[in-house]
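Accompanying notes for the structure given below.
Residue numbers (my numbering): 101 to 317.
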């Protein structure tokens, strides 16, 4: 496989419907990005959990997943499971973020996600940002909606292990869930690694990529 590397990657917008979505779907990628780019600008927007203990978890977690980054975190108060009924509020939040950011990369849920909040947020992304690389992360769940991703970020074993450790450390409110464990997160990362020729990986979906084959180099 040929690796495609963006010519510029100074700013990232990271979007989640719920606290812990970003860490589950793209935590290893965030660790990788921030380790290689000290001072990287990361603007994270989470639509629900604001004003609760989950917001405290999210802020601490994203600080750990984005070491040495120029990190800004916003956590809103949309009700869990009700994004379709709060479409305008979610859309306005993304528009406000676009007005104050110029991302080179967007990390968000993917449009095939079975959860209505994840899917709704994913559907909003291309209506707000155009001409920017947007990668849709996956979240393992009961619905069995993982699909066939086409974009992979390999993770070295240390990064994969760090992701699992940080998930357990920073989201105690989720530990009671039967699927929320080391085997789940490392198991999916191992499968995605097999698919891209690495030990571990995170996988993403994208709607559109424009390539330039005219330039030599």
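Every residue gets a Cβ at the ideal spot worked out from N, C-alpha and C, and that includes glycine.
Just how far apart, CA to CA, sit residue 277 and residue 242? 11 Å
Simplified DSSP state of residue 203, which is helix, strand or coil: coil
Could you name each continuous alpha helix (DSSP H) segment of 4 residues or more that falls completely within the segment 175-248, going from the start of the chain to the end? 187-200, 216-228
Three-state secondary structure (DSSP) at residue 257? helix
So, with DSSP's three-state summary, where would you put residue 143? strand
Euclidean distance between Cα positions of residue 215 and residue 208: 13 Å
Can you find at least 3 beta carbon pairs, one from the segment 248-264 and one from the segment 217-232, that sit closer than 8 Å? no
If I follow the unbroken beta strand (DSSP E) through residue 301, where does it start and stop? 300-305
Can you tell me the Cβ-Cβ gap for residue 125 and residue 206, rounded? I've got them flagged as a contact below 8 Å. Contact flag wrong, Cβ pair sits at about 13 Å.
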